[in-house]
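Each residue of the sequence shown is one higher than the one before, counting from 25 in the working numbering. Structure first, then comments.
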Amino acid sequence: MISKYVNGQPSIYNTLVNQNINNKLSHAYLIDASGNANAINIVKDFCKFLMCPKKIVDKCCDDTCDICYNFDNSLCNEFKLIDSDGLWIKKEQILDLQNDFSKKSTGGLKKIYVIAEAAKLNQSSANTLLKFLEEPDDNIIAFLITNNVNLVLETIKSRCQFIKLNANVLDGLEKIDNIDKLFEFAYFLEEKGNRTIIYEKEKWLNYFSNRNDCYNALNVLVNVYNLILKYKLGYLTNIDEDYRSFFDKIVSLNTVDKLVSKLLSLVKYCDDVKKNVNINLLIDNLIFSFGGE
């Protein structure tokens with residue numbers, strides 16, 4: 025049911041519902057998840073809406089619709105979700121997608137694919153996808169989701185319609201592995217600065233030494249610090265009580281300029297992880313960049 029998004033996610037709701045009604049859907053959308061932990065599920069709900077020919081907003085009864093049943097039970101060959109294989113989305117994954125979508129769809133359905141983390145396209149897979157986007161099939165729609173729009177190739181961005189989700193990054197954080205350890209590390213880092221390298225660095229290495237885990241942890245911090253900056257500026261007021269004390273503490277310790285600097289540093293370190301930078305050295309640099317002069 026996509027009507028639940030009419031108030032919370034008006035950008036994607038209004039864009040896709042209106043374009044669908046007027047038969048003017050784009051062949052590709054770049055979704056800025058804005059740190060929303062539920063972004064994939066939101067996009068999947070709209071994919072299901074677009075695939076079902078009976079569905080006009082919420083008129084289709086899912087339990088009697090074969091198309092909706094197949095979608096919900098991962099039986100729909102016309103829908104593909106592509107996630108990273110480790111740190112990267114690989115060229116072979118895009119080639120497999122192209123091969124699958126070269127076949128005629130059942131009953132003339134739209135074919136829709138979702139790339140869960142578009143910033144994880146490497147140069148080879150991005151170029152392969154670009155060729156796919158340059159010659160769009162009228163019946164194929166792409167959704168590329170990212171929390172870091174700046175890390176997506178300009179040539180890909182230029183071929184997509186941009187949609188920004190409203191941030192809801194705190195929802196679902198409790199389901200992330202070792203999220204409590206990540207917040208403990210960040211809290212200590214803010215309070216103790218460079219001394220973190222002596223007392224708390226091992227906590228990061230114990231829980232996030234794997235390159236993929238390190239990337240995911242840094243990405244969470246990017247999203248959280250983005251919200252903290254908005255909170256500092258007064259653009260965000262609705263913070264869950266479970267996180268309010270953490271937000272208040274970070275805000276009290278930082279000027280706006282410091283938060284911007286830290287956010288930019290986190291984005292850089294996120295990118296560095298994918299370049300095989302030594303994790304031990306990267307965390308040292310993270311600590312010193314946060315620790316002050």
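By construction, the Cβ of each residue, glycine as well, lies at the ideal position given by its N, Cα and C atoms.
Backbone CA spacing between residue i and residue j [nearest angstrom]
i, j, result
"A241", "D204", "11 angstroms"
"Y211", "S285", "17 angstroms"
"E265", "L157", "43 angstroms"
"T261", "A57", "19 angstroms"
"K188", "I55", "6 angstroms"
"H51", "K299", "31 angstroms"
"E226", "L306", "13 angstroms"
"N163", "N202", "42 angstroms"
"C76", "N278", "49 angstroms"
"W228", "D124", "41 angstroms"
"L213", "N250", "17 angstroms"
"L245", "E208", "12 angstroms"
"Y53", "C184", "5 angstroms"
"I321", "L121", "Residue 321 cannot be examined here, being either before or after the span of the chain that is shown, 25 to 317."
"Y29", "S35", "9 angstroms"
"N243", "L283", "16 angstroms"
"S108", "Q33", "26 angstroms"
"G315", "N174", "26 angstroms"
"F270", "V248", "10 angstroms"
"N97", "E141", "22 angstroms"
"S200", "D237", "Here residue 200 turns out to be Ile, not Ser, going by the sequence shown. Whole-angstrom Cα-Cα distance: 11 angstroms."
"I118", "N101", "16 angstroms"
"E116", "Y259", "42 angstroms"
"C71", "S313", "41 angstroms"
"D152", "A191", "Before going further, note that residue 152 is Thr rather than Asp in the sequence given. Distance between the alpha carbons of T152 and A191 is about 30 angstroms."
"T88", "K78", "11 angstroms"
"A150", "E178", "11 angstroms"
"F186", "K114", "23 angstroms"
Supposed close pair residue i, residue j - CB separation, criterion 8 angstroms
i, j, result
"L74", "K134", "6 angstroms"
"K144", "L105", "Not quite, the Cβ-Cβ distance comes to about 14 angstroms (not below 8 angstroms), so this is no contact."
"Y37", "I26", "7 angstroms"
"S233", "I303", "6 angstroms"
"V176", "V67", "Their Cβ separation, rounded to whole angstroms, is 15 angstroms, which puts V176 and V67 out of contact at 8 angstroms."
"L49", "I165", "6 angstroms"
Strand pairing of residue i, partner residues [DSSP]
i, result
"V173", "DSSP, once it has assigned bridges, lists no residue as partnering V173."
"A166", "A52, Y137"
"F312", "DSSP output for F312 lists no bridge partner at all."
"I106", "I139"
"I26", "DSSP lists no partner for I26."
"I64", "For I64, which the question treats as bridged, DSSP gives no partner whatsoever."
"L145", "I113"
Residue i Cβ short of 7 angstroms to the ligand FMN heavy atom set
i, result
"E214", "As for the ligand FMN, it is missing from this structure, which has no ligand bound."
Check whether the stretch 158-169 touches the stretch 49-63, taking contact to mean three or more Cβ pairs, one atom from each stretch, closer than 8 angstroms. yes
Just to confirm the assignment: which complete alpha helix (DSSP H) runs, minimum length 4, are found wholly within the stretch 181-246? 203-216, 220-223, 225-232
Indicate whether the contact test is met: 3 or more Cβ pairs, each with one atom in the stretch 91-102 and one in the stretch 219-236, closer than 8 angstroms. no
Please confirm if the stretch 249-265 is in contact with the stretch 292-302, defined as three or more CB-CB distances below 8 angstroms between the two stretches. no
If you scan the stretch 260-285 from start to end, which runs of the alpha helix (DSSP H) of 4 or more residues do you find wholly inside it? 265-277
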